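Residue 189 in my numbering sits at position 189 of the sequence shown; the count goes up by one each step and never skips. Just so it is clear, CB atoms sit at the ideal spot from N, CA and C, and this is done for glycine as well. Predicted model, so just to flag it, every value in this text is computed and none were measured. As structure tokens, the structure follows; a few thoughts come after it.
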Amino acid sequence: AGMLMTAFSAYLPLLVEKGVSFRGLTSSNIVPVQEFILFLGLYMIAVGLGGLRPCLMSFGADQFDDGDPSERATKGSFFNWYLFNMSCASLISGTAIVWVQDRYGWALGLTVPAVVLAVGLSCLVAASRTYRFQRTRGSPLTRVCQVVVAAVRKSCVELPADSSLLYNMPEDDLAMKGAQRIEHTSDLRFFDKAAIVVASDKEASAPARSSPWRLCAVTQVEELKILVRMLPLWATVVFFYAVSVQVSSTFVEQGRAMDAIVGSVRVPPASMSTFDIIT
1 AGMLMTAFSA YLPLLVEKGV SFRGLTSSNI VPVQEFILFL GLYMIAVGLG
51 GLRPCLMSFG ADQFDDGDPS ERATKGSFFN WYLFNMSCAS LISGTAIVWV
101 QDRYGWALGL TVPAVVLAVG LSCLVAASRT YRFQRTRGSP LTRVCQVVVA
151 AVRKSCVELP ADSSLLYNMP EDDLAMKGAQ RIEHTSDLRF FDKAAIVVAS
201 DKEASAPARS SPWRLCAVTQ VEELKILVRM LPLWATVVFF YAVSVQVSST
251 FVEQGRAMDA IVGSVRVPPA SMSTFDIIT
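Structure below.
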């Protein structure tokens, strides 16, 4: 919908010039309406990408069974091909699509990616019956908070020397919830307190003992540990993307001020991002 709105904002002046009536819009007062439609479409694209980008790679990884050695090896190839295709798509959008926009105008230049997006979405939906859908286990943020709350409640309890005394779910319960057991690790031991079985847990009834806000399985605790270990990597990626995003913004402004003629070819300023992709 966002791509269609941006394309429509480019077609709107052309339609008005040809005499198409849009509630009194003329060439003199069409600019505010055109800008509103354009920016609304851009915001819709941003919201859509924010929901799609984090899920696309993980959804593709869910199609492979980690328990099968052959599929586990193919899963690594999937990530390689995914990033390769993303780079190829960025290269095409920075060259071919930019050339269409520069030569034939924004109307056709925005229509082409909208059509390509519609074709890709149709292919995605058409194959929906063949996908593997992992069983949901609730909100991951809730699971993280459960471990933190349970660990804080037992902050004064001493950790057992034997990690096998920590609570862990039986294999059958893990399989029913679509989860896999994660082995205990010795770092970040404060969070292990969420898996300590105290006297109140042993004496409590089954519903109270199964409450994840008081007692968490080792697998759930290890999930939080994995997330904490990833935080330094995530923090460095923030700085990386803060710099790399300049390629599609500041570099374009620099390209407009440069001599873009290379031999007999004029390089559009928006194609400056292709040098980053190639290198």
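Determine the DSSP secondary structure at Val265, reduced to helix, strand or coil. strand
Should Ile261 be labelled buried (16 or more other beta-carbon atoms within 10 Å of its own) or exposed? exposed
Given that a residue counts as buried once 16 or more other Cβ atoms are within 10 Å of its Cβ, and exposed if not, what is Ser77? exposed
Alpha carbon to alpha carbon, what distance is there between Phe39 and Ser9? 9 Å
For the pair the segment 139 to 156 and the segment 176 to 195, tell me if three or more CB-CB distances fall below 8 Å. yes
By Cβ distance below 8 Å, which residues in the same chain neighbour Val247 in space, the five residues on each side in sequence not counted? Met272, Ser273, Asp276
Note down, in chain order, each residue of its chain lying with its Cβ closer than 6 Å to the Cβ of Glu17, except the 5 sequence neighbours on either side. none
What span of residues does the alpha helix (DSSP H) with Ile45 cover, start to end? 30 to 61
Do Arg266 and Thr291 count as a contact pair if the criterion is CB distance below 8 Å? Only positions 1 to 279 of the chain appear in this structure, which leaves residue 291 out of reach.
Flag this pair as touching only if the segment 108 to 126 and the segment 88 to 99 have three or more C-beta atom pairs under 8 Å; answer yes or no. yes
Is Phe64 near Arg72, with beta carbons less than 8 Å apart? yes
For Asp259, which three-state DSSP category applies? coil
Looking only at C-alpha atoms, which of Glu158, Pro69, Glu183, Leu159 sits nearest to Asn281? The structure shown does not extend to residue 281, since the chain is modelled only from 1 to 279, so the question has no answer here.
Tell me where the alpha helix (DSSP H) around Asn80 begins and ends. 69 to 92
When you compare each of Pro269, Pro140, Tyr82, Ser70 to Gly255 by their alpha carbons, which one comes out closest? Pro269
CA-CA distance, Ala7 and Ser93? 16 Å
Ser164 versus Thr185: straight-line alpha-carbon distance, rounded: 11 Å
Near Thr74, which residues of its chain fall below 8 Å by C-beta distance, leaving aside the five closest residues on each side in sequence? Phe64
Taking C-alpha atoms, which residue in Asp259, Ile45, Pro212, Ile278 lies nearest to Arg137? Pro212
Tell me which residues share the same chain as Val221 and place their Cβ nearer than 7 Å to its Cβ, disregarding the 5 neighbours each side in the sequence. Val147, Phe191, Asp192, Ala194, Ala195
Specify the secondary structure class of Gly109 as computed by DSSP and reduced to three states. helix
Terminal residues of the continuous alpha helix (DSSP H) containing Ala1? Per DSSP, Ala1 belongs to no alpha helix (DSSP H) and is neither H nor E.
In terms of residues, what are the limits of the alpha helix (DSSP H) holding Ser139? Per DSSP, Ser139 belongs to no alpha helix (DSSP H) and is neither H nor E.
From this set, Tyr11, Cys216, Met230, which residue's C-alpha is nearest Gln101's C-alpha? Tyr11
Report the CB separation of Gly109 from Met44 in whole angstroms; it is logged as a contact under 8 Å. The Cβ separation is near 18 Å, so there is no contact.
Backbone CA spacing between Leu166 and Pro140 [nearest angstrom]: 22 Å
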